[in-house]
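Student:
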Amino acid sequence: MMKAKFPKAIFGFCWLFLLVFWAVSYADYHYADHDGSNEYPYTSWETAADSIQKAIDAAESGDTVYVGAGVWDDAPYELWEGIALIGMGVDSTILRKEGRVTYIRPYNNALIQGFYFYNPTPIDTSSAIHPDYRDTVIIIKYNEFKNLSVSILGVFTGQIVNNIFIDNTVAISCWIDPCSLIVKNNTFVGNTEGCIVANDGQWFVTNNLFHHNPRASVRLLTLNNHHLGIDTAYVANNLFYANYQEDNWYRDEYCAVTLGTYYENNTFVGLPGIERYVAIGIYYDDTTRITRNCVITDFLSAFYMDGQGITQNLYYNDLWNNIWDNIFGYGNLNLVEGNIHADPMFIDSSNYHLQIFSPLIDAGDPEIQDVDGSRSDIGCYGGPLGESYTYIDLPPRTPDSLDGYVEEDSIILNWRYNTEADFNIYYVFRDTIQGFEPLPINLIAYPETSLYVDIDFDREHNYYYRIAAIDNQDNVSDYSDELAIVFTYVDGFFGDNLPRVTKISNNYPNPFNIQTTISYYLANVGYQPAMVQLYIYNLKGQLVRKLVDESKHPGKHTAIWDGTDDSGNAVSSGIYFTRLTVAGLEFAKPRKIMLIK
């Protein structure tokens, strides 16, 4: 009788199971705690070591060392091969050390989890985690790093997952040799010289949050591996917003900088208002790369290309509200297919999920699916690494920038237009009582645009206006701020719509190259003239030019600046500020002006 053969695959699986079972069964646990009795080999909380290094030294490969709550200031630590070092969480286990220090030097196959790293006086190359050897595989997760020179330095292989990096000089740096790292689900805030700085290798940067970092958030300079024919950096499903830089507007104000990179389903949001003038979305220096299913909005320019040979291939992206359109510099922007220019309709300025009528829903690459199996959305929550969530229907954005003036027999109102895909019309409310409540009885018009001309009025009354926006589902926005149109009778004539507040308006154009017009308003104080000075200052607070120095009546006034100082010499490109004083007092908030040559 023939013997039954035992399948080799099953035999191999069983042998592997036995090895794993043996390793787990014989793995030891060691403890460090301020309240332990310090009894070797520290295998319980009661007998825990009084220092972290003692507990590590008692462990062998495959063991786990648990560190109790409290502040530990006995770094540095050597974390031997194959040992897991686990704290009680970022709110409990604090590793604190001053000056030039490396907290942990891990060896191969180490795990570091659950610590709060903090250095009150970081110096030069002080770091939280820095292995001695470059061929180590390290897993770093569920930690918080704050106020360090470099949080993680020279970890070339492994995973950096679910960590928080706050107010460091650099969060992650692998600048010397090629790396192979997964960087996922981390939060980066306030890191002054970069969140991820790397020179080469294969990177997977996914599902991270980058905001308020005053430097390039991701700098993956992976050109050296590009000749291998591989995507050396994959940047997907990350959210970048409000990252900025002020001292070098044209190069360092990008959100992400890469070479040989594939971007997919990221959301890049610049800064609001004047701050947009010092922000670039993505900077590229060489080679061809692909950007797909991304949102790039509210920047000076979506891309800065630093070289004639650059080609940026765009597939199914939304490029919206970027001042200089989409490209600045030298290169070729190749809008391959599916790209749109539309309001993304985010929930709000701090929540970048999409509203139900967003034009970005199911507008991504049809070859890419969302997690629910539908066609991919554009943005960081779409695609296979995104998330499934319920789209909600919100009212339109509140109309803002409401302004008005009297011209002959008309009161002309204008405001910022609503750009939502489901926007329908506006309601215009008017009353002769200041602080009125918008009601059907004072609803006077239903314009479809952000311009309304009121001809039914008399100069014996003052008028007050408020605006609301309505969408196709009859959702009504909040009401705008109230605008007053005041008729003042002085010395035999009316001063039409004299301002009630002294202010400097935005200059136009901004940025400018040849000249810009600065508008300012002087409040009505009995229609009496006053001495007015309008100054231009540089970023150092030095006076550059006095544009106005004369008596002015209340009302709207303008001044033109041609980019020269008081001596007639042309000033350099950069950011400048206006300052307005009336009768020696400063009433108006300074405004930024950007000069570009």
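Using our numbering, the final residue of the sequence shown is 618, and nothing's skipped along the way.
Glycine residues also receive a C-beta, built at the ideal position from the N, C-alpha and C atoms.
Do you know offhand how far Val565's Cα is from Ser526's?
Tutor: Numbered from 1 along the sequence shown, position 544 holds the residue referred to as residue 565. Numbered from 1 along the sequence shown, position 505 holds the residue referred to as residue 526. Roughly 20 angstroms separates the two Cα atoms.
Student: Take Gly179 and list the residues in its own chain whose beta-carbon comes closer than 6 angstroms to its own, dropping the five residues that flank it on each side.
Tutor: Working through the sequence shown from its first residue, we reach residue 179 at position 158. Same-chain partners within the cutoff: Val158, Ile159, Ile160.
Student: Could you tell me whether any Cβ in chain B is nearer than 8 angstroms to the Cβ of Ala219?
Tutor: The chain inventory of the structure shown lacks chain B, comprising one protein chain alone.
Student: For Thr68, which residues in the same chain have their Cβ closer than 7 angstroms to its Cβ, ignoring the five residues on either side in sequence?
Tutor: The residue you call residue 68 lines up with position 47 of the sequence shown. Answer for Thr68: Gly57, Ser58, Glu60, listed in chain order.
Student: Between which two residues does the beta strand (DSSP E) holding Lys561 run?
Tutor: Position 540 of the sequence shown, counted from the first residue, corresponds to residue 561. Premise fails: Lys561 is in no beta strand (DSSP E) and is neither H nor E.
Student: Could you pull the DSSP bridge partners for Tyr98 from this structure?
Tutor: For this step, residue 98 is matched to residue 77 along the sequence shown. Answer is Ile125, bridged to Tyr98.
Student: Per DSSP, Met366 forms a beta bridge with which residues?
Tutor: Along the sequence shown, one-based indexing puts residue 366 at 345. Per DSSP, none; premise fails for Met366.
Student: In the DSSP output, which residue or residues are listed as bridge partners for Pro143?
Tutor: Taking the sequence shown and counting its residues from 1, one reaches residue 143 at position 122. Pro143 is bridged to Gly120.
Student: Rounding to the nearest angstrom, what Cα-Cα distance links Pro365 and Glu441 in this structure?
Tutor: Position 344 of the sequence shown, counted from the first residue, corresponds to residue 365. Position 420 of the sequence shown, counted from the first residue, corresponds to residue 441. If I take the Cα positions, the gap works out to 8 angstroms.
Student: So, with DSSP's three-state summary, where would you put Gln223?
Tutor: Reading the sequence shown from its first residue, position 202 is the one you call residue 223. Strand.
Student: Is the stretch 384-391 in contact with the stretch 450-463, if contact means three or more CB pairs nearer than 8 angstroms?
Tutor: no
Student: Which residues share a DSSP beta bridge with Met552?
Tutor: Start at 1 with the first residue of the sequence shown, and residue 552 comes out as number 531. Bridge partners of Met552: Ser572.
Student: My parser needs the beta strand (DSSP E) runs of 3 or more residues fully inside the stretch 431-508; what are they?
Tutor: 431-435, 444-452, 464-466, 472-475, 484-492, 504-506
Student: Would you kindly work out how many angstroms separate the C-alpha atoms of Gly89 and Thr602, rounded to a whole number?
Tutor: In the sequence shown, counting from the first residue as 1, residue 89 sits at position 68. In the sequence shown, counting from the first residue as 1, residue 602 sits at position 581. Near 60 angstroms, if we compare the C-alpha coordinates of Thr602 and Gly89.
Student: What separation, rounded to the nearest whole angstrom, lies between the Cα atoms of Asn264 and Ile303?
Tutor: Looking up residue 264 in the sequence shown gives position 243. Looking up residue 303 in the sequence shown gives position 282. Straight-line Cα distance between these residues: approximately 12 angstroms.
Student: Nearest by alpha-carbon distance to Tyr438: which of Gly352, Leu132, Asn342 is it?
Tutor: Here residue 438 refers to the residue found at position 417 of the sequence shown. Considering only alpha carbons, the answer is Asn342.
Student: Using only CA atoms, which one of Trp66, Ser409, Trp93 lies nearest to Gln74?
Tutor: Here the question's residue 74 lines up with position 53 in the sequence shown. That would be Trp93, whose Cα lies nearest to the Cα of Gln74.
Student: Return yes when the Cβ of Val316 is within less than 8 angstroms of the Cβ of Tyr335, no when it is not.
Tutor: In the sequence shown, residue 335 corresponds to position 314, counting from 1. In the sequence shown, residue 316 corresponds to position 295, counting from 1. With the sequence shown as reference, residue 335 is identified as Leu, and Tyr is not the correct amino acid for it. No, Cβ-Cβ distance for Leu335 and Val316 is not below 8 angstroms.
Student: Go ahead and pull the three-state DSSP assignment for Ile539.
Tutor: On the sequence shown, residue 539 is found 518 positions in, with the first residue counted as 1. Note: Ile539 maps to strand in three-state DSSP.
Student: Look at the alpha carbon of Ala131 and the alpha carbon of Tyr50, and state the distance between them as a whole number of angstroms.
Tutor: Your numbering for residue 131 matches position 110 in the sequence shown. Your numbering for residue 50 matches position 29 in the sequence shown. So the two alpha carbons sit approximately 15 angstroms from each other.
Student: Of the residues Ile506, Asn168, Arg396, Asp492, which one's Cα is nearest the Cα of Val474?
Tutor: Position 453 of the sequence shown holds residue 474. The shortest C-alpha to C-alpha distance from Val474 to any of Ile506, Asn168, Arg396, Asp492 is the one to Ile506.
Student: Judging by CA-CA distance, which residue of Phe136, Ser501, Ala96, Asn183 is the nearest neighbour of Val122?
Tutor: As a first step, residue 122 must be located in the sequence shown, where it is residue number 101. Measuring from the Cα of Val122, the nearest candidate turns out to be Ala96.
Student: Using alpha carbons as the reference points, say which of Asp414, Ser409, Asn559 lies closest to Asp369.
Tutor: For the purposes of this step, residue 369 is taken as residue 348 along the sequence shown, with counting starting at 1. Closest by alpha carbon: Asp414.
Student: Measure the Cβ-Cβ separation of Gly404 and Glu503 and say whether it is below 8 angstroms.
Tutor: Here residue 404 corresponds to residue number 383 of the sequence shown, with the count starting at 1. Here residue 503 corresponds to residue number 482 of the sequence shown, with the count starting at 1. For Gly404 and Glu503, no; Cβs fall outside 8 angstroms.
Student: When we look at the beta-carbon of Gln134 and count the other beta-carbons within 10 Å, is it buried (16 or more) or exposed?
Tutor: In the sequence shown, residue 134 corresponds to position 113, counting from 1. Gln134 is buried by the Cβ-count criterion.
Student: Ignore the nearest five residues each way along the sequence and tell me which others in Tyr541's own chain have a CB closer than 6 angstroms to its CB.
Tutor: The count along the sequence shown starts at 1 and reaches residue 541 at position 520. Ile525, His578, Leu601.
Student: What does the alpha-carbon distance come out to for the pair Val218 and Lys205?
Tutor: Locating residue 218 in the sequence shown gives position 197, counting from the first residue. Locating residue 205 in the sequence shown gives position 184, counting from the first residue. Spanning the two alpha carbons is a distance of roughly 15 angstroms.
Student: Return the chain-ordered ranges of every beta strand (DSSP E) run that is complete within the stretch 163-234 and spans a minimum of 3 residues.
Tutor: 165-167, 171-174, 178-182, 185-187, 191-195, 200-205, 208-210, 217-219, 222-227, 230-232
Student: Hey, could you find the ends of the beta strand (DSSP E) Lys75 is sitting in?
Tutor: For the purposes of this step, residue 75 is taken as residue 54 along the sequence shown, with counting starting at 1. Here Lys75 belongs to no beta strand (DSSP E); instead the alpha helix (DSSP H) covers 73-78.
Student: In whole angstroms, what is the alpha-carbon distance linking Asp78 and Ile115?
Tutor: The residue you call residue 78 lines up with position 57 of the sequence shown. The residue you call residue 115 lines up with position 94 of the sequence shown. Whole-angstrom Cα-Cα distance: 20 angstroms.
Student: Is the CB-CB distance between Leu381 and Tyr412 below 8 angstroms?
Tutor: In the sequence shown, residue 381 corresponds to position 360, counting from 1. In the sequence shown, residue 412 corresponds to position 391, counting from 1. The Cβ atoms of Leu381 and Tyr412 do not sit closer than 8 angstroms to each other.
Student: Measure the C-alpha to C-alpha separation of Asn445 and Trp436 and round it to an integer number of angstroms.
Tutor: Numbered from 1 along the sequence shown, position 424 holds the residue referred to as residue 445. Numbered from 1 along the sequence shown, position 415 holds the residue referred to as residue 436. Rounded to whole angstroms, Asn445 to Trp436 spans 15 angstroms at the Cα level.
Student: Please tell me whether Ile614 and Asn528 are closer than 8 angstroms, where the distance is taken between their beta carbons.
Tutor: Counting from 1 along the sequence shown, the entry for residue 614 is found at position 593. Counting from 1 along the sequence shown, the entry for residue 528 is found at position 507. A contact, by the Cβ cut-off of 8 angstroms.
Student: Could you pull the start and end residues of the beta strand (DSSP E) that Trp341 belongs to?
Tutor: Your numbering for residue 341 matches position 320 in the sequence shown. Segment 339-341, the beta strand (DSSP E) holding Trp341.
Student: For Val497, count the other beta carbons within 10 Å of its own beta carbon; 16 or more makes it buried, fewer makes it exposed. Which is it?
Tutor: The count along the sequence shown starts at 1 and reaches residue 497 at position 476. Val497 comes out exposed.
Student: Are the Cβ atoms of Asn338 and Thr312 separated by less than 8 angstroms?
Tutor: Residue numbering aside, residue 338 sits at position 317 when the sequence shown is read from its first letter. Residue numbering aside, residue 312 sits at position 291 when the sequence shown is read from its first letter. Closer than 8 angstroms, so yes.
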